[in-house]
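Letter 280 of the sequence shown, counting from 1, is numbered 282 in my numbering, and no numbers are missing.
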Amino acid sequence: MTGRRQTRSTLLPRLLTRPVKAGALTAGALAACASLLAGCGIVPGVTGGSGDDTITVMTWAPENTGATNKPGMPAFAQAYARWINAQGGIGGRRLNVLTCNEKNDAVTASRCARRAVEEKAVAVVGSYSQYADAFLPTLEGAGIPYIGGYGITNDEFTSPLSYPVNGGQPALLAGLGRTLADSCGPVTLVRPDSIAGDQLPPLLDSGLRAGGHASTGDQRAPETATSYQEQVHRALRRATSATGDQGCVVPALGDRTGTFMDSFRRARAGYPDVRTATVLGSVDQTTIDASGGASGPYEGSYVTGWYPAASDARWDGMKKVIEQEAFGDNRIDPADAGVQTTWIAYTVFRRAVESLGDGPVTADTVSEALDGGLRTDTGGLTPTLRWKFQDELAAVGFPRLVNAHVTLQVVENGRLVAARKGFTDVTKTLRNADL
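Here it is as structure tokens:
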């Protein structure tokens, strides 16, 4: 499947009329309800002050599919709820986290969104889906904010009800392209043959061109293949087609990147040396360990990420939550970018709710708090986050992209380590992108 999604208007959705959430039940109704069923006096997801004490949100991600899976995101969201509730909740309000298996399917993604509406969720937090065009209209119609999506689609950077905490694929690929421009000969991008995949080449090219490099060789690949022998040979032939600088192969296939690299390991001996590079989310420390560590195909690879390396002390708060509430849950890897994004997304959500004081917590009030200039300090994991109606990258179709900072890591002796201190801001590179 090919083609590019149409860019949704960034002007009208903000003016959508949102449904008014139900208020607190009367004392008589509460008493009657209590005689029938314990605990049924709370309207899930809606809080009106001292009488209500539950906030409902949803986190979704694909699990047990043949393509990219992110089970750690909903698993961590539930662990976070257990942790925050043990601390007394958010401003005294109990957090109820619903989860949904998005299944890497547009129909199911839409169903997850409809369930969020039916369950009166005040936000969808820290989620992953490549089908934003299937779920965002439902959330927009109900006025439900989408906080901290993974950034896999451009739609997440256009909807006024989307509050991305990272620069998504645009920032990662632009940053990687700028790095490779200085060190690579021919560059070949191997990416999914999908609508989401179609958005990747122009982003990598923006960084390559910023460094005076030729555009990438765009190579489509099946998203659910069990072998990539044909794609590997094509990529190697192009990457070694010129004399001089060493060529580079950039697999960006999500969970299938490991499958590609298995094929790559077997085929590369028949070609001159090439360098590999990719983005966090397509590879992490677990992937590197499973592929052989220092003797594996990732050794020497550049990897761009959104956040500091997993060993950084700034992740200690997240790791504490995992240790206390999810120890032994092998779905949750603190080095996984999805888990990290979910932690930051819930940090933003918590800050928004706390800013409301004793006022009502609804989808409307949460989004209004975020739109009203609220600044969220994430402890140095990102720049201070603040959303405006139109931000710096609105001119190139990313009005909601407020964090274009990336980190550069490299695989040395089988370990992902920082290749450069601090963050690199790729706002200027993206502003000049031909998208």
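The beta-carbon is built from N, C-alpha and C at its ideal position, and this holds for glycine as well.
Fewer than three Cβ pairs drawn from the stretch 290-307 and the stretch 398-406 lie within less than 8 Å of each other, which leaves the two stretches out of contact. For A420, the closest alpha carbon among the candidates N434, F391, S313 is that of S313. A direct Cα-to-Cα measurement between Y82 and Q248 gives close to 45 Å. Contact between P253 and V192 is confirmed by a C-beta separation of about 5 Å, below the 8 Å threshold. Judged by their CB atoms, V127 and A79 are nearer to each other than the 8 Å cut-off. Residue state for W85 is assigned as helix, using DSSP reduced to three classes. Close CB contacts of V412 within its chain, under the 6 Å cut and outside five residues either way in sequence, are with Y304, A421 (chain order). Within the stretch 95-144, complete beta strand (DSSP E) segments of at least 3 residues are found at 96-103, given in chain order. One alpha carbon belongs to T58, the other to V167, and they sit about 20 Å apart. T155 places its beta carbon 8 Å or farther from that of N98.
At least 8 Å separates the beta-carbon of D436 from that of H407. For the options R277, E414, S208, L255, the alpha carbon positioned closest to that of V285 is the one of L255. The C-alpha of L182 is placed about 17 Å away from the C-alpha of N434. Inter-segment contact for the stretch 146-154 and the stretch 376-384 is absent: fewer than three beta-carbon pairs are separated by less than 8 Å.
For a cut-off of 8 Å, the C-beta gap from R180 to A212 is around 5 Å, short enough to register as a contact. In the three-state scheme derived from DSSP, where H, G and I count as helix and E and B as strand, A212 is classed as helix.
For Q326, there is no enclosing beta strand (DSSP E); the residue is part of the alpha helix (DSSP H) that begins and ends at 318-327. Separation of T218 and P172 (C-alpha to C-alpha, rounded to the nearest whole angstrom) is 15 Å. In the three-state scheme derived from DSSP, where H, G and I count as helix and E and B as strand, P224 is classed as coil. Residue burial annotation: A136 is buried, with at least 16 other C-beta atoms found within 10 angstroms of its C-beta. Taking a C-beta distance under 8 Å as the contact criterion, S112 and W62 do not qualify as a contact pair.
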